[in-house]
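For reference, the structure is listed below as structure tokens.
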Amino acid sequence: MTPTPNFKPQNCPLCGQPNQCAMEVQAATGIQQPPCWCTQAQFSAELLNKIPEAARGVACLCAACVKAATA
């Protein structure tokens, strides 16, 4: 996982790939989405500490990075 320098809400701040966040899809399209997977996920403090400070509260992690962190 390589950090990306620009933090866009639709991209994971750890790997830079699309995070597939339902909340971001809804914000971008205006089409209501089902609850995002991340609302039911638990994130360790260790994983959250890996998020660059500039991206905290800006971009969601992707499921792949969360899965890799728990493997």
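Quick note on our numbering: the sequence shown kicks off at 119 and runs consecutively. Ideal Cβ positions, reconstructed from N, Cα and C, are used throughout, including at glycine.
Inter-residue CB distance, residue i and residue j (contact presumed, cutoff 8 Å)
i	j	result
P127	A177	5 Å
Q104	V143	Outside the shown range of the chain, which is 119 to 189, sits residue 104, and nothing can be said about it.
Reference residue i, options the options, closest by Cα
i	options	result
C180	S162, W155, P170	W155
A189	S162, P131, N167, I169	S162
W157	R174, M141, P131	The amino acid at residue 157 is misidentified as Trp; the sequence shows Thr. Nearest option by C-alpha distance: M141.
P131	R174, A159, A186	R174
K185	P170, Q160, N167	Q160
Outcome for residue i when other beta-carbon atoms lying within 10 angstroms are tallied against a minimum of 16
i	result
E64	In the structure displayed, the chain extends from 119 to 189; residue 64 sits before or after that span and is not available.
N137	buried
I149	exposed
P92	With the chain covering 119 to 189 only, the question about residue 92 has no answer from this structure.
N129	buried
For the stretch 124-151, which segments carrying the alpha helix (DSSP H) assignment without a break, of at least 4 residues, lie completely within its bounds, in sequence order? Complete alpha helix (DSSP H) runs here, min 4: 140-147.
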